[in-house]
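Q: To start, I am sharing the structure in question, which I have written as structure tokens.
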Amino acid sequence: VVQEYERCVIFRLGRILKGQAKGPGLFWIIPWLDAIQKVDLRTISFKIPPQEVLTADSVPLKVDGVMFYRIADPILWVTRVSNGFLATHTLAQTALRATLGVYTLEDILMQRRGLAQRMEEVLDSICRMWGVQVERVEIKDLTLPCSLQRCMASEAEAVREARAKVIEAEGELKASLALKAAAAEFSSVALQLRYLQSLNSISTKTSVIVFPWPKDLQDTSPSHHSHA
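The structure is reproduced here in structure tokens:
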């Protein structure tokens, strides 16, 4: 009796019986003449162990992943490869290194799903000769050297600081243009009120000390009279 998720390959005097693998259910064999080998058709998940990868821009990485596959043709699985599991797992590890090794670090970080699909196509095209169908491949973790992580963090921080300075400079420029346009429309009284409002906003800062100087005293200062 063969389970629903199994198939049975029958050898009679060393030759495979014609037709497809038997199952599921009940079938008859001839004792002492037939030898059977059961094959499980359920999907198998294989965790690809971390692999040392050298990218196209000479950056060392440790990359791991996961592959899902199933046996689609039991006869090919039994007759084409002596240890199908070992062959499939070894091929997955080799394909991971070979696929990622031709891309730069930036491409790997930005196109992880596309690279996984590329790896899936490569594995499926080879494993079909063994009766295996590769259903899905995913790249899980990328581990960078600690020194490279620090360099990337410093670079990202420098980029953020430069961007903040540019945004601040653009804001100052827009504010100065707006003040210039507003000053052309202000009267002397409005300018004085704006001056007092600026003093009030500055005085809210505890680290700044403001000494207001009356405008009338400035107008009656000796330097003012000497110029007059």
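Counting from 334, one number per residue, gives the positions in the sequence shown under my numbering. C-beta atoms are modelled at their ideal positions from N, C-alpha and C, and glycine is treated no differently.
1. By alpha-carbon positions, which one of 456, 476, 478 ends up nearest to residue 469?
2. Check whether the segment 370-389 touches the segment 432-445, taking contact to mean three or more Cβ pairs, one atom from each stretch, closer than 8 Å.
3. Could you check whether residue 425 and residue 400 sit closer than 8 Å to each other, using their CB atoms as the reference points?
4. Please give the ranges of any beta strand (DSSP E) in the segment 420-488, keeping only runs that are unbroken, at least 3 residues long and fully inside the region.
5. Could you say which of 345, 417, 356 lies nearest to residue 363 if we only look at CA atoms?
6. Considering only their Cβ atoms, is the gap separating residue 396 from residue 382 smaller than 8 Å?
7. What does the alpha-carbon distance come out to for the pair residue 561 and residue 517?
8. I need the boundaries of the alpha helix (DSSP H) containing residue 409, first residue and last residue.
9. Take residue 409 as the anchor and find which of 343, 484, 476, 505 has the nearest alpha-carbon.
10. Here's a check: name, in chain order, each residue in its chain whose Cβ is nearer than 6 Å to the Cβ of residue 411, leaving out the five neighbours to either side.
A: Here's the rundown:
1. Along the sequence shown, read from residue 1 onward, the residue named residue 469 stands at position 136. Among 456, 476, 478, the Cα nearest to that of residue 469 is on 456.
2. Contact holds: three or more Cβ-Cβ distances are below 8 Å.
3. In the sequence shown, the residue the question calls residue 400 occupies position 67. In the sequence shown, the residue the question calls residue 425 occupies position 92. The Cβ atoms of residue 400 and residue 425 sit closer than 8 Å to each other.
4. Taken in chain order, the complete beta strand (DSSP E) segments of 3 or more residues contained in the segment 420-488 are 465-476.
5. To locate residue 363, count along the sequence shown from 1; it is residue 30. If we check each option's Cα against that of residue 363, 345 comes out closest.
6. The residue labelled residue 382 in the question sits at position 49 within the sequence shown. The residue labelled residue 396 in the question sits at position 63 within the sequence shown. Not in contact: residue 382 and residue 396 (Cβ atoms no closer than 8 Å).
7. Your numbering for residue 561 matches position 228 in the sequence shown. Your numbering for residue 517 matches position 184 in the sequence shown. With a pLDDT of only 45 at residue 561, under 50, the local geometry of the prediction cannot be trusted, and the value read off the model is given with reservation. Rounded to whole angstroms, residue 561 to residue 517 spans 26 Å at the Cα level.
8. Working through the sequence shown from its first residue, we reach residue 409 at position 76. Where residue 409 is concerned, the enclosing alpha helix (DSSP H) stretches over 407-412.
9. As a first step, residue 409 must be located in the sequence shown, where it is residue number 76. Nearest C-alpha to residue 409: 343.
10. Here residue 411 is taken as the residue at index 78 of the sequence shown, counted from 1. So the list reads 342, 370, once near-sequence residues are dropped.
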